[in-house]
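These protein sequence lines map, in sequence, to chains A and B. If you count by our numbering, then the first sequence holds residues 1 to 210, one letter each, in order. If you count by our numbering, then the second sequence holds residues 1001 to 1210, one letter each, in order. Ideal Cβ positions, reconstructed from N, Cα and C, are used throughout, including at glycine.
Number of protein chains: 2
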Amino acid sequence: MKLYGYWRSSASWRVRIGLALKGVPVEHHSVHLVRDGGEQHQSAHRARNPMRQVPVLELDDGRQLTQSLPILEYLDQAFPNPPLLPSDPYLRARARALAEVVNSGIQPLQNLATLQHLTQLGVDRSEWGRHYIYEGLRNLQQMAEATADRFLVGQEVSLADIALIPQLYNARRFDVPLDDLSLLRDIEARCEALPAFQQAHAHRQPDANL
Amino acid sequence: MKLYGYWRSSASWRVRIGLALKGVPVEHHSVHLVRDGGEQHQSAHRARNPMRQVPVLELDDGRQLTQSLPILEYLDQAFPNPPLLPSDPYLRARARALAEVVNSGIQPLQNLATLQHLTQLGVDRSEWGRHYIYEGLRNLQQMAEATADRFLVGQEVSLADIALIPQLYNARRFDVPLDDLSLLRDIEARCEALPAFQQAHAHRQPDANL
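Given below as structure tokens:
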């Protein structure tokens, strides 16, 4: 399979974590979101994804999948071990909901395209981004208290932790204060001790530009 | 079970469609998103959902679930017939991705809280909303061409159609031009012919204020 992604894209990063946890090899192809006005706007990438976003996972037969959480659900069905969701139906729903707090509750409001649009309209993009990331992570922590243990939902890594890690990286880029978020930071430390999370980190990708 | 929702909330509406398709009875409780500054900000609702959003599904044992797509996935596991996702793994992923184009690609950028924030910053909320809804629906239609038949993914209703219907209603509220979106409008007409979609419609809810 081929993964079209970008080192610092949090959605690409989530899929890299899922692939690494399951030990599934892929060919990585970089779509540079900034260079030359953004390669995601070029016709080659628009043919893969009209949304002009990464990641795109190309299957062995050439068919393509978009949207990080559906891609992770696909991988979880195709490569069941280790699972990315708890087996208990209530806990599965809680893990998915925590992932959605990041995926639909924070990320769309602070992604590159939204921030570029806000800047054009004269809005302070840093303040905007900081607001949504801080509020979103506070809510995430409060929601997670019902299920958190070693990870956001119990003893095992789930979709929720996969969504958390790139979002905390973004929080630091926006200088979001993390003092009140010790539950999330403790879980982050446990994730970062795992080889799969290390391998998937933005800074470890060949297209990283630090 | 109890569903805490609001007639015109698209996320609540999605869950109502899922419940109606499966014939699962629930007690509906209205959380008025506008009256008295918004009942979602009151402590009773914040205890249910720190995100201050609807819907919240309360299970028979009192445990609570949030986020419309995870709730629909939960219902699909608990009440398998009719399924809300295709059985083929590729088509499942495509249906989930189309639902996410609405759930994370459009809705967060045009929901009430975001628009209220933009107005405070002096941004024209109508123009902003129209932009994201139109671009998002155009992308959705283009992505759906690979799988659409009677519905967005093949011959059966899926999560993708459930996400589409409230978003098209919002599009009309924002005066988004739908002339180029005939594929989506044809599928909308097929959905609206089904009793479950009729029963779940915003205007049919007891808290509707037209």
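- If the five residues before and after B/Arg-1008 are omitted, its C-beta is found closer than 6 Å to the C-beta atoms of Ala-1202, all from its own chain and listed in chain order.
- For A/Tyr-4, the pairing in a beta bridge is given by DSSP as A/His-29, A/Val-56.
- In this structure, A/Asn-139 is the residue among A/Gly-154, A/Phe-174, A/Asn-139, A/Leu-152 with its C-alpha nearest to the C-alpha of B/Gln-1053.
- By the neighbour-count definition (other C-beta atoms within 10 Å, threshold 16), A/Leu-109 is a buried residue.
- Bridge pairing for B/Gln-1064: B/Glu-1058 [DSSP].
- Under the 10 Å beta carbon count, A/Ser-182 is surrounded by fewer than 16 other beta carbons and is classified as exposed.
- Looking at B/Gly-1136, B/Asp-1060, B/Pro-1070, the one whose alpha-carbon comes closest to that of A/Met-51 is B/Gly-1136.
- Cα atoms of A/Ala-93 and B/Glu-1100: separation of roughly 16 Å, rounded to the nearest angstrom.
- Close to chain A, meaning a Cβ-Cβ distance shorter than 9 Å, are the following residues of the segment 1088-1102 of chain B: Pro-1089, Tyr-1090, Arg-1092, Ala-1093, Arg-1094, Ala-1095, Arg-1096, Ala-1097, Leu-1098, Ala-1099, Glu-1100, Val-1101.
- Legend: CB atoms of the segment 1126-1150 of chain B lying less than 7 Å from CB atoms of chain A belong to residues Asn-1139, Gln-1142, Met-1143.
- Beta-bridge partners of A/Ala-189 (DSSP): none assigned.
- Measuring C-alpha to C-alpha distances from B/Ala-1146 to each of A/Arg-16, A/Val-24, A/Ser-126, A/Leu-65 identifies A/Leu-65 as the nearest.
- Beyond the five residues adjoining it in sequence on each side, A/Gly-37 comes within less than 6 Å, by CB distance, of no other residue in the same chain.
- By the neighbour-count criterion, in which a residue is buried when 16 or more other Cβ atoms sit within 10 angstroms of its Cβ, B/Gly-1023 is exposed.
- In the structure shown, A/Gly-105 adopts coil according to DSSP, grouped into three states.
- Just measuring C-alpha positions, the residue of B/Gln-1205, B/Ala-1196, B/Ala-1200, B/Arg-1204 sitting nearest B/Pro-1082 is B/Ala-1196.
- For the segment 173-185 of chain A, the set of residues with a beta-carbon nearer than 8 Å to any beta-carbon of chain B is empty.
- Partner residues in the beta bridge of B/Ala-1148, as assigned by DSSP, are B/Gly-1154.
- For the pair B/Leu-1115 and B/Gly-1105, the CB atoms are not nearer than the 8 Å cut-off.
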